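Take a look at the structure set out below.
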Amino acid sequence: AIGAFAEKRAAAALAGQGLPIGRILHPSPASPVANRGWAPQAEQQLRELGIAI
3 AIGAFAEKRA
13 AAALAGQGLP
23 IGRILHPSPA
33 SPVANRGWAP
43 QAEQQLRELG
53 IAI
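In structure tokens, the structure reads:
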């Protein structure tokens, strides 16, 4: 999921399914951290979730 809100909604919708759910940083003008090097950060987070890119 991209962002905490999407992660929570996915977890609620898929509860009991036994599926792994993770999240990556959401790019947002309101989040200075997200705007600095978002792509490399997102790629690293995907790798940490076990998603090959």
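With the sequence shown counted from 1, adding 2 to any position gets you the numbering used here.
For glycine and all other residues, C-beta sits at the position ideal for the given N, C-alpha and C.
Owing to the predicted nature of the structure, the values given are computational and were not obtained by experimental measurement.
Segment limits, alpha helix (DSSP H) that includes residue i
i   : result
R13 : Contrary to the premise, residue 13 reads as Ala rather than Arg in this sequence. Element bounds for A13: A6 to A15.
Q19 : Q19 -> no alpha helix (DSSP H), and no H or E assigned at all.
Within 9 angstroms, strictly: CB atoms of residue i and residue j
i   : j   : result
Q47 : R25 : yes
L27 : G5  : yes
W40 : P22 : no
Which residues DSSP lists as bridging residue i, in chain order
i   : result
I26 : I4
8 angstroms contact criterion, which residue i and residue j should meet: CB distance rounded
i  : j   : result
A3 : A12 : 5 angstroms
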